[in-house]
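Remarks on the structure that follows.
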Amino acid sequence: MGFKLDAHIHCPIEKLDAALSHAIAKGLDGVVFTEHDSDAPFCTIKRFGLNGWDVQETKDPRVLRLDLLRDDLKGRIYLGRGREVKSKQGHILALGTSSLIPTRYSWEDTLKYIYDQDGIPVFAHLFGRFSGGCGRNVFMAALDKFDGKVIGLEENAQYFGSANHKSRALANVFGVPLLGNSDAHGRYGEHYLEIGKLHSEIEVVNGETLFDDLKRVMLTNPKSIKVCGEYNTFGQTSSWWVDSLRKNGMSKVFGSAYEAVKGLIK
Ligand SMILES: [Zn+2]
Ligand SMILES: [Zn+2]
774 MGFKLDAHIH
784 CPIEKLDAAL
794 SHAIAKGLDG
804 VVFTEHDSDA
814 PFCTIKRFGL
824 NGWDVQETKD
834 PRVLRLDLLR
844 DDLKGRIYLG
854 RGREVKSKQG
864 HILALGTSSL
874 IPTRYSWEDT
884 LKYIYDQDGI
894 PVFAHLFGRF
904 SGGCGRNVFM
914 AALDKFDGKV
924 IGLEENAQYF
934 GSANHKSRAL
944 ANVFGVPLLG
954 NSDAHGRYGE
964 HYLEIGKLHS
974 EIEVVNGETL
984 FDDLKRVMLT
994 NPKSIKVCGE
1004 YNTFGQTSSW
1014 WVDSLRKNGM
1024 SKVFGSAYEA
1034 VKGLIK
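Sequential numbering of the sequence shown, starting at 774, is according to the working numbering.
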């Protein structure tokens, strides 16, 4: 059985314990918390530890080994460092990066920053047009410009139907690795329970060398990565939007709807 990894999760600091415990209960082996333009969860746990957990550094400063020591639940999970960068054209996961990547830079500069840190760029929800997907043209240009470098696509549990199907089709055609990610947004109610809802199973990944192994598999055997789990139905995505509306207030949601309409008529 492969290493089970969810490499796209948002979680506030106060829910990290609950989210990680749930990840262990679900059988995940590794997670990467990818806040927007921030790696605060990783840095906080590295610096302050986590109550009820034994937190150890590994030889790779981008990976922590966490052992849960609670009486009712024990287990180990690896925590990787990363973030979700908002580039000018859309969202790009920067897995295994260890320092700041400027926000609102072009996709090209964003990828350069990621590669300079030996990181792994993954185009988040590429076809999620209303929520920061970079779109097909950017992806095609990136493939061309950074030929031979590691680059990934994802299926994202917060989307239903065609957005994920299109990413899968593109990955198949170009032999690009496709990850399965939950994109759980832990600040909404109990959304952290969706950690691992969609995840990847990756052969021969050792948690201690998570990013080196992931990069090698992505480059040499991309088709061996299995996307497991499920993604949202239309109803679940709708309820996510309602949660978002309640949390962010009407103006923000209407603001993004306005942006979406602008994008359509552009
Ligand atoms: Zn995103
Ligand atoms: Zn996200």
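Note that the Cβ used here is the ideal one computed from N, Cα and C, for glycine as well.
With burial defined as no fewer than 16 other Cβ atoms inside 10 Å of the residue's Cβ, what is the status of residue i: buried or exposed?
i     : result
C784  : buried
L977  : Reading the sequence as shown, one finds Val at residue 977 and not Leu. Exposed, by the Cβ-count rule.
Q931  : buried
T993  : exposed
M774  : exposed
F947  : exposed
D917  : exposed
S1024 : Here S1024 scores only 49 on pLDDT, less than 50, and its place in the model should not be relied on; the value that follows carries that caveat. Result: exposed.
C816  : exposed
I'd like to confirm something about residue i: is its beta-carbon nearer than 8 Å to some heavy atom of ligand 1, or not?
i    : result
G953 : no
Residues in its own chain within less than 8 Å of residue i by CB, not counting five upstream and five downstream?
i     : result
R843  : S794 and G825
S879  : S860, K861 and Q862
G934  : F1007
Y888  : P894, F919 and K922
Y1004 : E928, N929, A930, Q931, Y932, F933, N937, K970 and L971
Which residues in the same chain as residue i place their Cβ atom closer than 6 Å to its Cβ, once the five residues preceding and following it in sequence are excluded?
i    : result
L983 : G803, V836, Y851 and G853
K999 : E974
Please go through the same chain and pick out, in chain order, the residues whose beta-carbon is closer than 7 Å to the beta-carbon of residue i, but skip the five residues on each side of it.
i     : result
A914  : none
R1042 : Here the chain has residues from 774 to 1039 only, and residue 1042 is not among them.
A867  : G855, R856, V858, I874, I887, G892 and P894
Length at least 4, wholly inside the stretch 862–889: the alpha helix (DSSP H) runs in chain order: 880–889
Near ligand 2, which residues have their beta-carbon less than 5 Å from any of its heavy atoms, given in chain order? E857 and D956
Could you name the residues whose beta carbon sits closer than 5 Å to any heavy atom belonging to ligand 1, keeping them in chain order? H864, A897 and G905
Can you list, in chain order, the stretches of the beta strand (DSSP E) that have 3 or more residues and sit fully within the stretch 934–1003? Runs found: 951–954, 971–975 and 999–1002.
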